[in-house]
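*Asks:* Please see the structure below; I have some questions.
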Amino acid sequence: MIIGFVQTKGGTGKSTLAVNMAFSRTMHREFDSIALVELDSQGTLKSWWDERQEMSYNCRNVSFHHISSSQKEVFQQGIKAISAHNDLMIMDIPGEGTGKLHTRFACAFCDLVIIPLRTSTNDETAFMNNLYPIIKQIIQAVPEKRDNFFVLPVFVHPLVNPRKCYEYFDEMLPAYISCLEAVYPSRAVYENFNRQGLNLQEYSKLVENNKKYRQQVERAIEDIENISQTIIKTGRMIHG
Ligand SMILES: Nc1ncnc2c1ncn2[C@@H]1O[C@H](COP(=O)(O)OP(=O)(O)O)[C@@H](O)[C@H]1O
Ligand SMILES: [Mg+2]
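According to this note's numbering, the residues represented by the sequence shown are 38 to 277, in order.
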């Protein structure tokens, strides 16, 4: 399965979601080999991964690949080679910096395109103006792709009912875009867990004696497992 986090707008949680999903229990149960692929020349994930390597943390069946080239043939060949050797590939796609080349490719290549989106008028308008036209073009060219695009509501207040969020997006989203039945809540722990190359599980061990932090991280782990399960279920429904 090939999953891409795609959003032409930056700061919507793509990289954080990609990392946490790659290390989730759900994905480890389902897939023997998991490739986490960063296509951003900034290399946010690469720095984090390098720290992990320095600290010799166990990466289990997750491999990391940083493809910084924005040359079409180079990055596309790289991605295809990685996907051929892994059961699950999770791609972190950069925003607009590269003339939407990566965005176009990911929208056409992935089995599931996850679009992290806030319930904010600005972000919804940006999505309709920037990303949706690309998706429409791809569906026009390859109609079989029409079921692959899903919004994940992100930075949702933890007390908001996820069902309400789903109903909101289900109502406002255009043709060919569905809403996942999971949300990614806003939590301070997502800004802190990854210091020194840690993942959420490792961070939870680090803070196990602090009740407040421990509760936060346990909730975050639940969010990620829930999102991962929903994504797998959705992928199976579409592609069997
Ligand atoms: N669920 C969340 N709640 C609060 N802050 C978050 C959450 N997910 C990510 N962040 C923070 O938001 C910022 C942007 O996240 P990031 O994953 O880098 O987005 P992107 O890759 O889309 O640019 C980072 O500072 C990150 O720590
Ligand atoms: Mg990023």
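Just so you know, even glycine gets a beta-carbon here, dropped at the ideal spot from N, CA and C. As the structure is a computational prediction, the values presented were derived from the model and not from experiment.
Going by CA-CA distance only, name the one from Val111, Lys270 and Glu181 that's closest to Leu138.
*Replies:* Val111
*Asks:* Given this structure, state the Cα-to-Cα distance separating Thr53 from Tyr227, to the nearest angstrom.
*Replies:* So the alpha carbons of these two residues sit roughly 7 angstroms apart.
*Asks:* Going by DSSP, what residue range makes up the alpha helix (DSSP H) through Val226?
*Replies:* Val226 to Asn229
*Asks:* Sorted by chain position, which residues of the same chain lie with C-beta nearer than 7 angstroms to Ser61's C-beta, five sequence neighbours on each side aside?
*Replies:* Ile261, Glu262 and Ser265
*Asks:* Measure the C-alpha to C-alpha separation of Asn123 and Val99 and round it to an integer number of angstroms.
*Replies:* Between the alpha carbons of Asn123 and Val99 lies a distance of about 10 angstroms.
*Asks:* Taking all protein chains shown into account, do 16 or more other C-beta atoms lie within 10 angstroms of the C-beta of Gln174, making it buried, or fewer, making it exposed?
*Replies:* Classification for Gln174: exposed.
*Asks:* Taking the straight line between their C-alpha atoms, what separation do you get for Gln238 and Arg97?
*Replies:* 13 angstroms
*Asks:* Give every residue of the same chain whose Cβ lies closer than 6 angstroms to the Cβ of Ala163, excluding the five residues on either side of it in the sequence, and list them in chain order.
*Replies:* Lys46
*Asks:* Got a sec? Which residues, its chain only, sit under 6 angstroms from Ser241 by beta carbon, not counting five neighbours each side?
*Replies:* Val254
*Asks:* Considering only heavy atoms of ligand 2, does any lie closer than 8 angstroms to the CB of Thr267?
*Replies:* no
*Asks:* May I have the straight-line CA-CA distance separating Gly41 from Lys249, to the nearest angstrom?
*Replies:* 33 angstroms
*Asks:* So, Ile269 versus Met64, is the Cβ gap smaller than 9 angstroms?
*Replies:* yes
*Asks:* DSSP on Tyr250, reduced to helix/strand/coil?
*Replies:* helix
*Asks:* Does the region 175-193 come close enough to the region 77-94 to have 3 or more Cβ pairs within less than 8 angstroms?
*Replies:* no
*Asks:* Confirm, please, whether the CB-CB distance from Asn236 to Val56 is below 9 angstroms.
*Replies:* A contact, by the Cβ cut-off of 9 angstroms.
*Asks:* Helix, strand or coil for Ser241 per DSSP?
*Replies:* helix
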